[in-house]
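A.B. asks:
In the numbering used here, the protein residues as written are 5 to 264.
Right, dumping it as structure tokens:
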């Protein structure tokens, strides 16, 4: 069972939801949270210890202090809906520096635990966008597709090494109640999903797609039948939803303003 857990990206969203859920369990000894954002006082708990850390820095030696963990969950990441022509070079760089590289670097530091014969539980928040083309999410989807292939490849290596430990690829669609894309964290909306994810991590599953039977089985079947048609369907669906607005090429973009 998960007893000493490190949650990277656990100060808000689904990471916070899992951290709070795990801290409420009597068998849990400690939940460590590492996040760029500080943990709100509202979520302070005797079993939770939080640390502010920016995943974009070069020095990851901070993670050496968590040598006592038997569970690792990485949920840090960000994204926004935008046509590729409208994103900046810095956005592209930051997307991989935050969404992709930290997962590889952190798992590398704890890999001896994963490869050992002792139980080690691990889950990574990926995305259904990593499984298919997702217009307006081209950069975000690319960062998550890289994680998908990484996890699948390493899980084979773990199997061949003779351990039962696996990395769980958690690949949801949109999750209500998280702070993704500048949303607001509402734990009441994420509690049940958090429990499901934790159960899959503890079962040492290698893939969990929430709402697979209800939604994504059909979507993935359409994608594999004709990825071009499904890409067009995804584009049109996002436009019709009102979440994005498409401007003609070369249209000047509005200047961002800061709320005061």
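Note that beta-carbon positions come from the ideal geometry of N, C-alpha and C, so glycine has one too. All values derive from a computational prediction rather than experimental measurement.
1. Can you give me the start and stop residues for the beta strand (DSSP E) that residue 164 sits inside?
2. Is residue 210 helix, strand or coil by DSSP?
3. Out of curiosity, what's the CA-to-CA distance linking residue 99 and residue 164?
4. Going by the beta-carbon positions, is the gap between residue 152 and residue 173 smaller than 8 Å?
5. Could you pull out every unbroken beta strand (DSSP E) segment of at least 3 residues lying fully inside the segment 30–71, listed in chain order?
6. Quick check: what's the CA-CA separation for residue 7 versus residue 208?
7. Is the distance from the Cβ of residue 96 to the Cβ of residue 143 below 8 Å?
8. Which two residues bound the contiguous beta strand (DSSP E) that contains residue 22?
9. When the Cα atoms are used, what is the spatial distance from residue 245 to residue 232?
10. Using only CA atoms, which one of 43, 58, 59 lies nearest to residue 52?
11. Since residue 129 sits in a beta bridge, which residues does DSSP pair it with?
12. Could you say which of 237, 71, 48, 148 lies nearest to residue 28 if we only look at CA atoms?
13. Look at residue 167 and residue 119 and say whether their C-beta atoms are less than 8 Å apart.
14. Let me confirm a value: residue 180 is counted as buried when at least 16 other C-beta atoms fall within 10 Å, else exposed. Which label applies?
15. Per DSSP, which residues does residue 9 bridge with? Please list them.
16. Would residue 117 and residue 133 be called neighbours here (beta carbons separated by less than 8 Å)?
17. Using three-state DSSP, classify residue 244 as helix, strand or coil.
18. Between which two residues does the alpha helix (DSSP H) harbouring residue 224 extend?
19. Can you list, in chain order, the residues of its chain with a C-beta nearer than 8 Å to that of residue 229? Leave out the 5 residues immediately preceding and following it.
20. I think residue 13 touches residue 79, with their Cβ atoms under 8 Å apart; what is that distance to the nearest whole Å?
21. Between 35, 192, 31, 124, which has its C-alpha nearest residue 11's C-alpha?
22. Hey, would you say residue 248 sits closer than 8 Å to residue 140, going by beta carbons?
23. I'd like to check one pair, residue 21 with residue 195: are the Cβ atoms closer than 8 Å?
24. Let me know if residue 223 comes out buried or exposed under the rule of 16 or more other beta-carbons within 10 Å of its beta-carbon.
C.D. replies: In short:
1. Premise fails: residue 164 lies in the alpha helix (DSSP H), 142–164, not in any beta strand (DSSP E).
2. coil
3. 32 Å
4. yes
5. 34–39, 52–56
6. 15 Å
7. yes
8. Run containing residue 22: none in the beta strand (DSSP E); it sits in the alpha helix (DSSP H), 17–27.
9. 20 Å
10. 43
11. 174
12. 48
13. yes
14. exposed
15. 35, 75
16. no
17. helix
18. 221–229
19. none
20. 4 Å
21. 35
22. yes
23. yes
24. buried
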